[in-house]
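Visitor:
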Amino acid sequence: MTTGLIITLVIGSIIKLLMSPPSIAVAWGVSKFELHKKLDSKDVKVTFDGNNLEEEEKNRFTDYFNKASFLKKHYIFPGNEKLFLQPETNVTPYIMNVKRGKKDVNFFVFSYDNHVDVVKKYKKKVVSYSISSEHLQNFTVLTTNANH
Numbered sequence: 002m003t004t005g006l007i008i009t010l011v012i013g014s015i016i017k018l019l020m021s022p023p024s025i026a027v028a029w030g031v032s033k034f035e036l037h038k039k040l041d042s043k044d045v046k047v048t049f050d051g052n053n054l055e056e057e058e059k060n061r062f063t064d065y066f067n068k069a070s071f072l073k074k075h076y077i078f079p080g081n082e083k084l085f086l087q088p089e090t091n092v093t094p095y096i097m098n099v100k101r102g103k104k105d106v107n108f109f110v111f112s113y114d115n116h117v118d119v120v121k122k123y124k125k126k127v128v129s130y131s132i133s134s135e136h137l138q139n140f141t142v143l144t145t146n147a148n149h
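Those letters in the sequence shown? Residues 2 to 149, by this note's numbering.
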């Protein structure tokens, strides 16, 4: 009788965990497939027009990037990666180099009047998406002579 009760409790607990996993497990699983991840400013190096941003500006830029709202993903057909990395516009991108362990990820942030395009390059993959951030759209670098 006791063995049957224990087996029923164990099976019931397993079924309950499978049907409604803890929020920590769900957050971890979702973060693996997240396109616009939150970045830690200590792992980021931001450059604009070949010049590194100062620490305070880099932290501000990273914070604005993290708070931006995801709009949509742009699908890139094989062979068209260069069109997204070097678009035919006069917009100079902010380049964010992120190093997480052995992984190097580059973000090219193109700021326009009504949205911000982000091109994420890692390994040999290129992914593009749009975000909405009024702060990034109006972000200017005070240390260089370039006005954006």
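Note that CB positions come from ideal geometry on N, CA and C, so glycine has one too.
(1) Between the segment 127-142 and the segment 54-72, are three or more C-beta pairs nearer than 8 angstroms?
(2) Check for me: the beta strand (DSSP E) holding L72 runs from which residue to which?
(3) On the three-state DSSP scale, how would you describe K39?
(4) Are there 16 or more other CB atoms within 10 angstroms of the CB of M97, so buried, or fewer, so exposed?
(5) Quick one: Cα of Y95 to Cα of S112, how far?
(6) Assuming K17 is part of the alpha helix (DSSP H), what are its boundary residues?
(7) Secondary structure at H136, three-state DSSP: helix, strand or coil?
(8) What residue range is occupied by the uninterrupted alpha helix (DSSP H) comprising K83?
Guide: On the basis of the coordinates in this document:
(1) Touching, per the Cβ criterion.
(2) 70-75
(3) coil
(4) buried
(5) 8 angstroms
(6) That run of the alpha helix (DSSP H) goes 3-20.
(7) Three-state result, H136: helix.
(8) Counting along the chain, the alpha helix (DSSP H) containing K83 begins and ends at 82-86.
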